[in-house]
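Trainee: Handing you a structure now.
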Amino acid sequence: MPATDSDLPLVITMWETYGSNMEPVAARVGQLLGIPVYAQAFSSEDIEALAEEDTDGRAAKLTQRLSTGATPAEMSSHEVAAAGKAHARECTSFVTEKAQGGGVIQGRNGAYILRNRPNTLHVKLDGIPEKRVERAARLAGISLARAARRQRMEDAIRVETSLLSFGVDPRDIELYDVVLNTTFQNTEETARVIAALARIRQGVA
């Protein structure tokens, strides 16, 4: 008997602008629904480390280093494009493999890769920039100034990386089923909204 859409394990993809509380929310959603949670490919610390080594702070150059492991000066434009495609293949392989067993997949262009997959909920988390910086500073135990630098660089780099690898802007609202402003929501509130939407999608609310 052929499998139906409802036979596919539930997948929730998440993408956030910096400081929108994705990691705690994803962890709590995983607990509420009893499904595994998968991290982003690059952490804030990864991106910050590259930014500290950079001399001019250009997001495009840092993106190339993040995606390729080399400095832009060491690579031709053709090599950079090829490396971007290789990064896209790695993300696609990871996302499609994990989707087979279900779970919460953070980042990695999951919403785009799984855009046609049934029983999948695509979520974007966003918020007021100043409030995102305040939350990120509090959660990471860093200064507001440091969090503000991370916000400017990380928001730019995550978009640039997606454009380089997939030709897709992850800010595009058409990629998502739901966009949540987490500015004035705590982790539990946001997680329960997402879990409820996932249950509705499964027809078990």
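Each residue of the sequence shown is one higher than the last, beginning at 471 in this note's numbering.
C-beta: ideal position from N, C-alpha, C; glycine also.
(1) Look at the Cβ atom of A617, then the Cβ atom of V603, and state whether they are nearer than 8 Å.
(2) By a C-beta neighbour count over all protein chains shown, 10 Å radius and 16 as the cutoff for buried, is R608 buried or exposed?
(3) List the endpoints of the continuous alpha helix (DSSP H) containing D625.
(4) So what does DSSP say about G573, is it helix, strand or coil?
(5) How many Å lie between Q570 and T660 at the Cα?
(6) Might you give, ordered along the chain, the residues of its own chain that have their beta carbon closer than 8 Å to the beta carbon of K555, omitting 5 neighbours on each side?
(7) What's the call for A666, buried or exposed, on a 16-neighbour Cβ count within 10 Å?
(8) Would you call G527 buried or exposed, if buried means 16 or more other Cβ atoms sit within 10 Å of its Cβ?
(9) For V649, which of F564, P588, D596 has the nearest alpha-carbon?
(10) In its own chain, which residues sit with a C-beta less than 8 Å from the C-beta of L502, not counting the 5 before and 5 after it?
(11) Does A606 pass the burial test, meaning 16 or more other C-beta atoms within 10 Å, or should it be called exposed?
(12) Have a look at M580 and E493 and give me their C-alpha separation to the nearest angstrom.
Mentor: On the basis of the coordinates in this document:
(1) yes
(2) exposed
(3) 614-636
(4) strand
(5) 25 Å
(6) S635
(7) exposed
(8) Model confidence at G527 stands at a pLDDT of 47, short of 50, so the residue's coordinates are unreliable; what they give is reported in the following sentence. Per the 10 Å Cβ criterion, exposed.
(9) D596
(10) A661, R662, A665
(11) buried
(12) Looking at the sequence provided, one finds Gly at residue 580 rather than Met. The alpha-carbon atoms of G580 and E493 are separated by roughly 15 Å.
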